[in-house]
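**Q**
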Amino acid sequence: MTTVTVPDSLQGQTPPTSAPAAPARPWSIRRWAARIGRFLAYGFLATVLGAVGFSLVIGLLSAGAATVVVWIGLPILVAGVLVAHGFAKAERTLQSTILGTVLPTPAPVRAPAGAGRVRRLLTPLTDPQSWLDSLWVLVNFLLALITVPLALAWTVGALATVGGPVATLVLEQTLPPAEDSGLAALMGVAEPYTLAVDVSLQFLAGLLFLLTLGPVVRGLTALHRSVARGLLSSRYRDQQRLLRTEQSRAAGRSAESAALRRLERDLHDGPQQRLVRASMDLARVESLAQKDPEKARAVLRETREQLGLTLDDLRRLSRGIAPPVLVDRGLAAALTELAAISPIPATVEAPELELPEHVEIGVYYVVSESLTNAAKHSGARSVRVELARIGDDARVRIEDDGRGGAEMRADGGLAGLTGRVASLEGRLTVTSPPGHGTRIEAVIPCAS
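Residue numbers (full-length UniProt numbering): 1 to 448.
(1) Over the uninterrupted beta strand (DSSP E) stretch that includes Leu428, give me the two end residues.
(2) Which of the three DSSP states, helix, strand or coil, is assigned to Val217?
(3) Write down the C-beta distance between Leu387 and Leu335 rounded to the nearest angstrom, noting that I regard them as a contact closer than 8 Å.
(4) Pull up the distance between the alpha-carbon of Gly53 and that of Ala205, whole angstroms please.
(5) Is Glu441 helix, strand or coil when you go by DSSP?
(6) For Gly419 and Arg237, I'd like the C-alpha separation in whole angstroms.
(7) Count the other CB atoms within 10 Å of the CB of Asp400; is the residue buried (16 or more) or exposed (fewer)?
(8) Have a look at Arg297 and Asp328 and give me their C-alpha separation to the nearest angstrom.
(9) Taking Thr347 as part of the alpha helix (DSSP H), name the residues at either end of that continuous run.
(10) For Tyr42, which option in Ala151, Leu263, Leu125 has the closest C-alpha, if you only look at C-alpha atoms?
(11) Given residue 496, which residues of its chain have a CB within under 6 Å of its CB, disregarding the five upstream and five downstream residues?
(12) Would you kindly check if the distance between the Cβ of Gly402 and the Cβ of Asp431 is under 9 Å?
(13) Just the Cα atoms here: how many angstroms apart are Val348 and Ser370?
(14) Select from Leu208, Val68, Trp131, Pro445 the residue whose C-alpha is nearest the C-alpha of Trp154.
(15) Near Gln306, what residues of its chain come up, given a Cβ to Cβ distance below 8 Å and the 5 sequence neighbours on each side ignored?
(16) In terms of residue numbering, what span does the alpha helix (DSSP H) encompassing Glu286 cover?
(17) Figure out for me which residue from Glu264, Pro128, Ala250 has the closest Cα to the Cα of Ala422.
(18) Who pairs with Val383 in a beta bridge, going by DSSP?
(19) Measure the C-alpha to C-alpha separation of Asp312 and Leu417 and round it to an integer number of angstroms.
(20) Among the residues of its own chain, which have a CB less than 8 Å from the CB of Ala21, if the five just before and after it don't count?
(21) Report the three-state DSSP secondary structure of Ala107 (helix, strand or coil).
(22) Taking 8 Å as the limit between beta carbons, can you name the residues of its chain near Thr212, skipping five residues before and five after?
(23) Check residue 449 in the structure and name its three-state DSSP category.
(24) Which first and last residues belong to the alpha helix (DSSP H) in which Ser370 is found?
(25) Going by C-alpha to C-alpha distance, which of Tyr364, Pro324, His224 sits closest to Ser96?
(26) Please go through the same chain and pick out, in chain order, the residues whose beta-carbon is closer than 6 Å to the beta-carbon of Gly362, but skip the five residues on each side of it.
(27) If we ignore side chains and look at the alpha-carbon of each, how far apart do Ser200 and Ala160 end up?
(28) Using three-state DSSP, classify Arg409 as helix, strand or coil.
(29) Could you name the residues of the same chain whose beta carbon sits closer than 8 Å to that of Leu77, not counting the 5 residues immediately before and after it, in chain order?
(30) Apart from the five residues on each side of it in sequence, which residues of its chain come closer than 8 Å, Cβ to Cβ, to Ala79?
(31) I'd like to confirm the pairing. Which residues does DSSP put opposite Ile390 in its beta bridges?
(32) Count the CB pairs spanning the segment 113-129 and the segment 138-151 that are closer than 8 Å, and state whether there are at least three.
(33) Which stretch, first to last residue, makes up the alpha helix (DSSP H) that contains Ile76?
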C-alpha cells in the first residue's frame, strides 16, 4: 500500500513528536504516589533554581538598567538575559525529565552576516525570547512560592488521615486530660463522646485532603506547564506557523509553475499543432478554390473537423483554470459536470456548501485531476466522488475500483495535486494498495 501525505517538516525544524496515547490504566496507589512525589521533587528543584535565578537575573537586569546611560549597562543586560536563557534551558530539562513535558526551544535571533563585534554582542537584547526567559524567571519563582507550599500543605493534610487520629488516641492515653481541650469540647460535646468526635473529625478532614490531593497536584502541575509553554515555547509555535505558511506559499508557486509548464506542453502538442495544420489546409483551399472546387470543399470539411477537435482540447485544458460552471452554478454542479464527461462512470455526492472561492477552485482542481489520472492509469470501471464539510475543513474524497499501485513521482499528477493542496495549507492523502483501487482524500481549511 502506498500512502502519500503532505509533509509537515519545516526547514530543519520539526515539531516535537509524541508517543501514541496509551490506553487508560486503572488507578494505582503506586502511580498516584509517584505523581505526587514527582511534583514535589520538581517543586523543590524549581524553587531552588527559581530563587537562584531570580537573584541573579533580577540583580543583573536592575544593575544594567541603572547603568545603561553610561554604556556599561549594556554588557550587564546581555549577561542578565543570557543567564535567564540558561535557567530557562534548565527548566526545559527539569520539566522533560521529571514531568515528561517537552518544551521546544525557539530559534534564536542571529546577527546578520558581516555584523561587527558590538552588534553581535548586543544581538541577545534584540531577541524577544530573551525577555520572555527573563519574565519567566520572575513569574516561575513567584509561582513556585505559592504552589509548592500549597502542595506540601495538602500532602501533610492527607497524611493526617492516618496520623491525626492515631496521634490523638496516643496523646489521650499518655497525657493528663485537659479541660475543654479538642474541637469536640469547643462544639459542646459532652463526655464520654469527645474523644470519638475528635478522632472522627480529624479523620474526615484528612480524608478530604486525601481525596483531593490528586486533583490538586494535577492542577498545580498543569499550571506550571501552562506558564512554561506560554513563556518559553510560544515563539516556537509562532515560528512553526510562519514556516508552514512559507512552505505553503512555496508549494503554491511550485504547483502553479508546474501547471503552467504542463499547460504550455499540452497546448503545443495539441491545439497548436491542429491550428498549424488548419492554417496549411486553408492555404491549400485558397489555391484549389479556382482549379478544383470539389477538393477545396473536402479540405474545408477536414479543416472544420480539426477546428472542432481543437475547440474540444481548449475546453478540456481550460477546465482546470477557470471553469464557467463553477462560477455560475457552484461547486456541486461543477463536480456533477466533471462526472458526466468523465470517461469512467462516476457518481458524485456533493451537497450545496458555502465554501470560500479559493477552496472551491482547489476542490474542483483535485477532482478534475483525479478523474483524469484515473481515466489514464487506473483501469477502473467506476469512480466515486464525495464532498463534505468537517468542522472548519472541506474534505473531498475520490475513490476508484482500479488496479491501484499509484506512486508519487516528482513530475507526476500526484505531485501536482500535493503541491496545489499544500498551497492552500491543506493536506492530501493517497491510499493505493495494488489490486484494490485508489483513494485520494484532500482536506482544505476554509478559514481565510
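We treat Cβ as the ideally placed atom computed from N, Cα and C, and that holds for glycine.
**A** Per the coordinate set shown:
(1) Residue 428 sits at position 428 when you count from the first residue of the sequence shown. Note, Leu428: beta strand (DSSP E), 427-431.
(2) As a first step, residue 217 is located in the sequence shown; it is residue number 217 there, counting from the start. It is helical.
(3) Taking the sequence shown and counting its residues from 1, one reaches residue 387 at position 387. Taking the sequence shown and counting its residues from 1, one reaches residue 335 at position 335. Their Cβ separation, rounded to whole angstroms, is 7 Å, which keeps Leu387 and Leu335 in contact under 8 Å.
(4) The residue you call residue 53 lines up with position 53 of the sequence shown. The residue you call residue 205 lines up with position 205 of the sequence shown. For Gly53 and Ala205, the distance between alpha carbons rounds to 38 Å.
(5) Along the sequence shown, read from residue 1 onward, the residue named residue 441 stands at position 441. Note: Glu441 maps to strand in three-state DSSP.
(6) Stepping through the sequence shown from its first residue, residue 419 is reached at position 419. Stepping through the sequence shown from its first residue, residue 237 is reached at position 237. Going from the Cα of Gly419 to the Cα of Arg237 covers about 23 Å.
(7) Here the question's residue 400 lines up with position 400 in the sequence shown. Buried.
(8) On the sequence shown, position 297 is the one that residue 297 refers to. On the sequence shown, position 328 is the one that residue 328 refers to. The straight-line gap from Cα to Cα measures roughly 39 Å.
(9) Taking the sequence shown and counting its residues from 1, one reaches residue 347 at position 347. Note, Thr347: premise wrong, no alpha helix (DSSP H); beta strand (DSSP E) at 346-349.
(10) If you number the sequence shown from 1, residue 42 lands on position 42. When each option's Cα is compared against that of Tyr42, the closest is Ala151.
(11) Because the chain here runs from 1 to 448, residue 496 falls outside it and cannot be looked at.
(12) In the sequence shown, the residue the question calls residue 431 occupies position 431. In the sequence shown, the residue the question calls residue 402 occupies position 402. The residue you asked about is not Asp; residue 431 is Thr in the sequence shown. The answer is no: Cβ separation not under 9 Å.
(13) As a working mapping, residue 348 is identified with position 348 in the sequence shown. As a working mapping, residue 370 is identified with position 370 in the sequence shown. Taking the straight line from one Cα to the other gives about 13 Å.
(14) In the sequence shown, the residue the question calls residue 154 occupies position 154. The candidate whose alpha carbon is nearest that of Trp154 is Leu208.
(15) Translated into the one-based positions of the sequence shown, residue 306 becomes position 306. If we look at Gln306 and ignore the five residues flanking it on each side, its Cβ neighbours are Arg274, Arg277, Ala278, Asp281.
(16) In the sequence shown, residue 286 corresponds to position 286, counting from 1. Glu286 -> alpha helix (DSSP H) spans 271-291.
(17) If you number the sequence shown from 1, residue 422 lands on position 422. The option with the nearest alpha carbon to Ala422 is Ala250.
(18) By one-based count along the sequence shown, residue 383 stands at place 383. Answer is Ala346, Asp400, bridged to Val383.
(19) The residue labelled residue 312 in the question sits at position 312 within the sequence shown. The residue labelled residue 417 in the question sits at position 417 within the sequence shown. Between Asp312 and Leu417, the C-alpha separation is close to 24 Å.
(20) Locating residue 21 in the sequence shown gives position 21, where the first residue counts as 1. Only weak support exists for where Ala21 lies, its pLDDT of 43 falling under 50; the value from the coordinates is given anyway. Excluding residues within five positions, none has a Cβ falling inside 8 Å.
(21) Translated into positions along the sequence shown, residue 107 becomes position 107. Of the three classes helix, strand and coil, the one that applies to Ala107 here is coil, per DSSP.
(22) Position 212 of the sequence shown, counted from the first residue, corresponds to residue 212. Answer for Thr212: Trp154, listed in chain order.
(23) The question about residue 449 has no answer, for the chain in this structure spans 1 to 448.
(24) On the sequence shown, residue 370 is found 370 positions in, with the first residue counted as 1. Where Ser370 is concerned, the enclosing alpha helix (DSSP H) stretches over 357-373.
(25) By 1-based counting over the sequence shown, the position of residue 96 is 96. Ser96 has its Cα closest to that of His224, out of Tyr364, Pro324, His224.
(26) Translated into positions along the sequence shown, residue 362 becomes position 362. Leu424, Ile444.
(27) Position 200 of the sequence shown, counted from the start, is the residue given in the question as residue 200. Position 160 of the sequence shown, counted from the start, is the residue given in the question as residue 160. Cα-Cα distance, rounded: 12 Å.
(28) If you number the sequence shown from 1, residue 409 lands on position 409. Arg409: coil per DSSP, three-state reduction.
(29) Walking along the sequence shown from the start, residue 77 turns up at place 77. These residues qualify, in order along the chain: Leu60, Leu61, Gly64, Ala65, Val68, Leu125.
(30) If you number the sequence shown from 1, residue 79 lands on position 79. Same-chain partners within the cutoff: Leu60, Gly64.
(31) Locating residue 390 in the sequence shown gives position 390, where the first residue counts as 1. Answer is Asp393, bridged to Ile390.
(32) no
(33) The sequence position of residue 76 within the sequence shown is 76, counting from 1. Ile76 -> alpha helix (DSSP H) spans 73-94.
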